[in-house]
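Worksheet: one structure, shown below.
There are 6 protein chains.
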Amino acid sequence: MPSNLCNDFQFMGMDSSFEDSDIVVFGAPFDGTTSFRPGTRFASKAMRPEFIGLETYSPKLQLDLVDCRVHDGGEMYFPLGDVQTVLNTIETTVSEIVQAGKKPCMIGGEHLVTLPAVKAVLQAHPNAYIFHFDAHTDLRDELDGAYFSHATVIRRIHDIVGDERIFQFGIRSGMKSEFDFALQDQHTYMEPFQVTTVAQQLEKLAGEKVYITIDLDILDPSIFPGTGTPEAGGITYRELESVFTAFQAADVELVGADLVELSPDYDHSGVSTAVANKVLREIILLLNKKANLT
Amino acid sequence: MPSNLCNDFQFMGMDSSFEDSDIVVFGAPFDGTTSFRPGTRFASKAMRPEFIGLETYSPKLQLDLVDCRVHDGGEMYFPLGDVQTVLNTIETTVSEIVQAGKKPCMIGGEHLVTLPAVKAVLQAHPNAYIFHFDAHTDLRDELDGAYFSHATVIRRIHDIVGDERIFQFGIRSGMKSEFDFALQDQHTYMEPFQVTTVAQQLEKLAGEKVYITIDLDILDPSIFPGTGTPEAGGITYRELESVFTAFQAADVELVGADLVELSPDYDHSGVSTAVANKVLREIILLLNKKANLT
Amino acid sequence: MPSNLCNDFQFMGMDSSFEDSDIVVFGAPFDGTTSFRPGTRFASKAMRPEFIGLETYSPKLQLDLVDCRVHDGGEMYFPLGDVQTVLNTIETTVSEIVQAGKKPCMIGGEHLVTLPAVKAVLQAHPNAYIFHFDAHTDLRDELDGAYFSHATVIRRIHDIVGDERIFQFGIRSGMKSEFDFALQDQHTYMEPFQVTTVAQQLEKLAGEKVYITIDLDILDPSIFPGTGTPEAGGITYRELESVFTAFQAADVELVGADLVELSPDYDHSGVSTAVANKVLREIILLLNKKANLT
Amino acid sequence: MPSNLCNDFQFMGMDSSFEDSDIVVFGAPFDGTTSFRPGTRFASKAMRPEFIGLETYSPKLQLDLVDCRVHDGGEMYFPLGDVQTVLNTIETTVSEIVQAGKKPCMIGGEHLVTLPAVKAVLQAHPNAYIFHFDAHTDLRDELDGAYFSHATVIRRIHDIVGDERIFQFGIRSGMKSEFDFALQDQHTYMEPFQVTTVAQQLEKLAGEKVYITIDLDILDPSIFPGTGTPEAGGITYRELESVFTAFQAADVELVGADLVELSPDYDHSGVSTAVANKVLREIILLLNKKANLT
Amino acid sequence: MPSNLCNDFQFMGMDSSFEDSDIVVFGAPFDGTTSFRPGTRFASKAMRPEFIGLETYSPKLQLDLVDCRVHDGGEMYFPLGDVQTVLNTIETTVSEIVQAGKKPCMIGGEHLVTLPAVKAVLQAHPNAYIFHFDAHTDLRDELDGAYFSHATVIRRIHDIVGDERIFQFGIRSGMKSEFDFALQDQHTYMEPFQVTTVAQQLEKLAGEKVYITIDLDILDPSIFPGTGTPEAGGITYRELESVFTAFQAADVELVGADLVELSPDYDHSGVSTAVANKVLREIILLLNKKANLT
Amino acid sequence: MPSNLCNDFQFMGMDSSFEDSDIVVFGAPFDGTTSFRPGTRFASKAMRPEFIGLETYSPKLQLDLVDCRVHDGGEMYFPLGDVQTVLNTIETTVSEIVQAGKKPCMIGGEHLVTLPAVKAVLQAHPNAYIFHFDAHTDLRDELDGAYFSHATVIRRIHDIVGDERIFQFGIRSGMKSEFDFALQDQHTYMEPFQVTTVAQQLEKLAGEKVYITIDLDILDPSIFPGTGTPEAGGITYRELESVFTAFQAADVELVGADLVELSPDYDHSGVSTAVANKVLREIILLLNKKANLT
């Protein structure tokens, strides 16, 4: 082998083997039900080469990625076909990760990819709670006749876990009936517009397990323009950091995570991709902290 | 007619006929006095196809566009010629809308288009107050010899309505003499930089009628880069939402509105256009609320 | 109705009613099988407001759009669901147009939309020939297991019409087996790389009917960057004009047409959209000429 | 003065004083009658800092800018007001340049700026011929009621000079009546689409004086996307070079020149600006050659 | 000289001669040690033509640029070669400015350019304090073997001035060892993430002299995307304004300033350039205030 | 290992091990002497994920990448420091590839990287000829005092190989003295502007070995805008294809190759990156053909 050459294109610092890892990061590049602007299929591929713009150390969490054992599993491959095949493929992969005692950290793709990931995680952790950060309710019962869709994903998860298990934050867009489903009928806990009650809700769940799904469009489009459906009035990155420190302080175990809806073709300046990578770093550090505790 | 085809390209949900409508939305695509970066002539045309990215329901106002009767009047057509012809054309059109008992909601174009719209509204509502949201004072007496200009528009309105009738918010750019005109000589009420006193000022105007003109560059360029003269230090979208809730709570009647200065060619990510559409939705909901009350 | 307002957002000059028209233009905004960069779903919506940048007169063909009776049917609406539903929807619509004695001119979308349009046209004109202009063979028998795909569309049409009915020009990308299918086994007539033999082939078809499908990526990416899979070495716009003049001179009747694969999100300068509109104008003029002859 | 600092922001190599110069380059940043996409007002300002990307030597003409005495006069300043004032301002400036025995080389701006420049040049050289390179005829008698417009500029020049004095090349867009004015009624010499007859026409004008006006949209949008109305089917840069070598070989004296219609906001890659600068260099070399001969 | 022409391309309003000036603005277009995305070499050239988008008056500081005597020295010219030559060139130039009794205001370029500027200023003002605003610590002792680098610049300045002389604000990225150097070992004063303690620290320095260096990436990427290494979680422009008002109120003398790391090629909307220009205006006003006092 | 995951991010189809390979592809991401617009350091990283947009089969050469044994060696890593270290690092790596009996195919970076690669290849093949395709002569003896530079690279190679060994094509920019060095003094063979004599020159070299270096800016900026110094008047992609077929037909052995000067940040549409990848595929096919013959 010639010297001076490096053909490692994985996320910088995520070079543990699958066997030696505690956390497995991978991309789920599916955007097949996106009704408006597509392109989230390119998110994880765009994030990898830019991760080097970050430091491995998080001054906010005072934790360092070099102290984590992370495997970059690369990209999922979806045979062309119907949505159900994609869902099954993701569920199988996440199950294999969970069965091997590792924690999945999935990069979407559109939000529908969360459904099979949650299903797989619930098999191992049937009592896990779902923390959902998003601009949109994602609580429709169907979208133009489609039962499985980016706009119905949390409703489908509610079908599985029922009431009092889903916590939604930052929501600022949806049909009136969706807000009624959450706020009036209390099928989920919902804090619209803001993320100020995360710590308080986590406090009630001491000792419990939590899956976290972050639709990056919860962030204001000023800091995260690179997404299919930008919605003004979102949270700042600092407010999202308050979520991270709330999880760091809380007595819960993160058992899985995903971040979805980066659409790189709308990210001309590269800022959205850099933001997604920083969120990824913090999420891994939070997944790892709990790994050490248990 | 073949099935499965739809050739309605108006703003989604604004499909009332002129006769059946309470509110008339239209574009005034004029940018002829723009001294720096032109392009606001394309604003309304860029907004229409993107409006579908929004929901019709506003969780902040808890009102729904489906409950409004709105007519999309399309675009004004300006014969080429001098500025005065454009001003006359706008004044005529707005007068026809107001005379028919409907409320005008105009999309600029540069800010000068507000002058003839206000003149037409004042014919029907001679005591109406002007609420002006902007980064710039627009209080010059002339700009390079031009009496009618985007930089003189509020001064021209002051020529008509006089003192104590104009309320300016969010202003953060202008000549010293313009700030003196407002702050020292009190020809207008001006809150520079912020919009914290809107509710308090509206309280004094109980029972009155108000015309609202929003130069979208009042927003910080982080959330609204797509404008000719971006000026840092602006308000956040949430602060603009506080203006909307102040109007919702206030005992005033909105009798007309405009939003100006979106310049789509500088809006590479589409976020500015999405913001303009969300502001348009909230403004229509506010125009409609009062329509129901009176 | 107030004066000075215009809410006609159809293609400029295509304002005949369906009943009064000879030609019906419409968009088929489907990109569901696109395997690389999506976005052709936005093509027709992006083209309409830019059509005004063109003159109605074609100096090359010396024909004028004002002499044609064209109906802009708007956009097709696809209920979410599987590919088969989309194909059926398009076939139904095109059938209705053809049955009404009008000629369809469809704007994709990805190339798969051509399959149902051709099927519908063949019902009325069972002996029609297919002229296919493209960078890619589109002759795969399947793509990753998918039988109906942008990469298999011409193969599916060959399944229907058989040998000696399909003429392919400008092809410069494909698997070896696809080129063998065409060049060696002569299932289609194929001129790779160039369009120099169009006139000669048309000469053999005197008195016949022809359907023309133009994948705009036949053009070199220098003049048409706004497409999902740009492939260098394509034809110039002038070479495409030689195709138009060949059709103008030929004794064949155009019975339908489509142009596909404009992807506006990759068309930062707007040039690709302007090119697509110019091609649309010339195609309509060619469809119209034959309408007058028969 | 501190060392190591340079505050010369003129075109590289055009540093003669006005008095010592043979050629005066300047910008005429006016786009007030542009009916579609504005922005040519920024052309000359965008060109200056990029000129350094070129060499001073032209291998095609085998001439070097270092052998020319060129003054960069900077930018014209237009007081806000009507079009007539702008036209008068340009005419005055060009007259001053011509009266001082120098040759004007003007950078637009929209094409209307050519009218006053030609008028000023004709005062000194009343028999000069006009060579017009463009995608558009610019022969309308009026545009939406406007007599002076980018679309009427050559017609206005014809009003002054009459038949047999204007030579048009590369034209590929216009109304039928405009082409008839030129081709049928022979009010001008017009070679549509191409520039193959330039040398032949110049041959007939041996010993004569010529003013050259280049609307850069004569170039195909593939090489020149940065313009307001891109029109496919234009000439290549090499074909434009054949125009330059034709002028170099011809026995005519260039007495003035302009290049117009670069619109930098649509030139994302910077290629159009680089092309405009290269054209500027060649034009100056051609202006200079004749200066030496007379 | 022809009338109506203006060839002054300096920053608007900075037209004092070097001799008559109090403040000298100049560009230091060096990005040779940039390890990730280069391009800051173009910052000052991009800022000049856009400065006209600003007013000369600052409503926040209530000061006007027309009351300052500023010389635009243009751009530094760096002979190609090693980094040391660049550093020496800058140090020489800044020394000449300082020796002439004027205050330097330098526009980078990457952050390394601050080192020689500070060295030159310290020669005249050996007790000056360094106020450093940045997203990054810049406290590495070396970067990939390089002792002089954008990532080591503040460490190199610490080598010169020692402890208790450097004040760092807004820092949110770095290696753990860098934060330890500052926060634990207190070699510098560091307020991470925020700028809330600026006024308090300045209060302790009454009567002292201060050099201010602003890495514009201290701003959140939402308002300043145009930089090589965008780092989410930064300060808002209003928070930066609080720094300006703190300096205005403080009893310290600003003896020099720089602003670095604008990278225009990543500033598609132009907002970052507009922000940099506004910061430049405020910094000049602050430099000038103290000039009047002493 | 979980199924359905793929973490191979190398160039599609270049998955031979180093030992099993005939050809080694690698990136040399250096742009340290670029005097105008930098960014070629990102070229190879941008090309890898886009290579999948191509087919493995070349219809022009009728060869298929699946029949080649290619190793993607990844990226070179350059310790920060002076230019000489970079040159040494490249020379070492290429020597190791050549000594192992494989052929190097290097992706720049700026053109200076060719110098050490050629030196390493000449050690094994001392009589090899250099075929140089470029817009620029690259024959300066120094650039602003720099002996090793992108503008001097071919001159430095001439220093080594002497007269009659370097063949230059497509050159259209340089100083007069550079053209004189080549055309008048015949130190190299140079065909300016065109590539029409490649086959004829290769014919004279029957049985010889050739190294090919392609500065992609030889292509016209219409098809290749994504480069630091776009120069109008370049060759079309089809003309470059004629070079490939000339090499395919010629009786010479290609012993190494490079392609340089793609700058992805200026390639907004992605077309330049797609072109670079297509050139890479053809070059590998040509390198492989000769490997089989010898």
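Sequences listed follow chains P, B, U, G, V and W, in order.
Each residue of the first sequence is one higher than the one before, starting from 1 at the first, in our numbering.
Each residue of the second sequence is one higher than the one before, starting from 295 at the first, in our numbering.
Each residue of the third sequence is one higher than the one before, starting from 589 at the first, in our numbering.
Each residue of the fourth sequence is one higher than the one before, starting from 883 at the first, in our numbering.
Each residue of the fifth sequence is one higher than the one before, starting from 1177 at the first, in our numbering.
Each residue of the sixth sequence is one higher than the one before, starting from 1471 at the first, in our numbering.
From the three backbone atoms N, C-alpha and C, an ideal C-beta is built for every residue, glycine too.
Note that the structure is predicted; figures quoted are calculated from it, not measured.
The beta-carbon distance between residue 1227 (chain V) and residue 1252 (chain V), rounded to whole angstroms, is 19 angstroms. This is too long to meet the 8 angstroms contact definition. Of the residues W:1677, W:1553, W:1704, the one whose Cα lies closest to the Cα of residue 1208 (chain V) is W:1553.
Sequence-distant Cβ neighbours of residue 1432 (chain V) in its own chain, meaning closer than 7 angstroms and more than five residues away, are 1279, 1280, 1293, 1297, 1387. Pairing residue 35 (chain P) with residue 217 (chain P), the inter-Cα distance amounts to about 15 angstroms. Membership of residue 847 (chain U) in the beta strand (DSSP E) is indicated by the continuous run 841 to 848.
Residues 131, 189, 201 of the same chain have their beta carbon placed closer than 6 angstroms to that of residue 167 (chain P), with the five preceding and five following residues left out of the count. In chain order, 1417, 1420, 1421, 1458 place their CB closer than 8 angstroms to the CB of residue 1236 (chain V), counting only its own chain and leaving out the 5 sequence neighbours on each side. Interface annotation, residue 432 (chain B): not in contact with chain G, CB-CB separation never under 8 angstroms. In the three-state reduction of the DSSP assignment, residue 666 (chain U) falls in the coil class, being assigned neither a helical nor a strand state.
About 11 angstroms separates the beta carbons of residue 1171 (chain G) and residue 1134 (chain G), which is beyond the 8 angstroms limit, so they are not a contact pair.
For residue 1104 (chain G), the secondary structure class from DSSP, reduced to helix, strand or coil, is coil. The Cβ of residue 469 (chain B) sits closer than 8 angstroms to at least one Cβ of chain V. Nearest C-alpha to residue 555 (chain B) among B:408, B:304, B:363: B:408.
A direct Cα-to-Cα measurement between residue 1515 (chain W) and residue 1748 (chain W) gives close to 15 angstroms. Residue nearest to residue 661 (chain U) within the set U:723, U:773, U:808, U:611 is U:611 (criterion: CA-CA distance).
Listed in chain order, the non-local C-beta contacts of residue 91 (chain P) below 8 angstroms within the same chain comprise 116, 117, 119, 120, local neighbours out to five positions each way being set aside. Any Cβ of chain W closer than 8 angstroms to the Cβ of residue 7 (chain P) would place that residue at the interface, and such an atom is present. The CB of residue 767 (chain U) comes closer than 8 angstroms to the CB of 1527, 1529 in chain W, given here in chain order. For residue 1738 (chain W), the chain G residues whose Cβ falls inside 9 angstroms of its Cβ are 1150, 1151, in order along the chain.
Where residue 1200 (chain V) is concerned, the enclosing beta strand (DSSP E) starts and stops at 1199 to 1204.
When DSSP states are grouped into helix, strand and coil, residue 1576 (chain W) belongs to the strand group. Minimum Cα-Cα distance from residue 980 (chain G) among the listed residues G:907, G:1118, G:1153, G:1106 corresponds to G:907. Minimum Cα-Cα distance from residue 791 (chain U) among the listed residues U:628, U:729, U:835 corresponds to U:835. Within the same chain, and ignoring the five residues on either side of residue 270 (chain P) in sequence, the residues whose Cβ sits closer than 7 angstroms to its Cβ are 50.
Here the segment 1638 to 1649 of chain W lies against the segment 1608 to 1624 of chain W, with 3 or more beta-carbon pairs under 8 angstroms apart.
The beta-carbon distance between residue 515 (chain B) and residue 526 (chain B), rounded to whole angstroms, is 6 angstroms. This is short enough to meet the 8 angstroms contact definition. Annotation: residue 56 (chain P) to residue 1405 (chain V) spans about 14 angstroms, alpha carbon to alpha carbon.
8 angstroms or more divides the Cβ of residue 324 (chain B) from the Cβ of residue 388 (chain B). Distance check between residue 1035 (chain G) and each of G:1095, G:1074, G:896 places G:1095 closest, using alpha-carbon atoms only. For residue 388 (chain B), the enclosing alpha helix (DSSP H) stretches over residues 377 to 393. CA-CA distance, residue 1287 (chain V) to residue 1219 (chain V), rounds to 12 angstroms. Annotation: residue 1046 (chain G) is outside any beta strand (DSSP E) and is labelled neither H nor E by DSSP. Excluding five sequence positions before and after residue 746 (chain U), the CB atoms of its chain that fall closer than 7 angstroms to its own CB belong to 754, 775, 776, given in chain order. Listed along the chain, the chain U residues whose CB falls inside 8 angstroms of the CB of residue 1054 (chain G) are 647, 648. Residue 58 (chain P) is bridged by DSSP to P:63.
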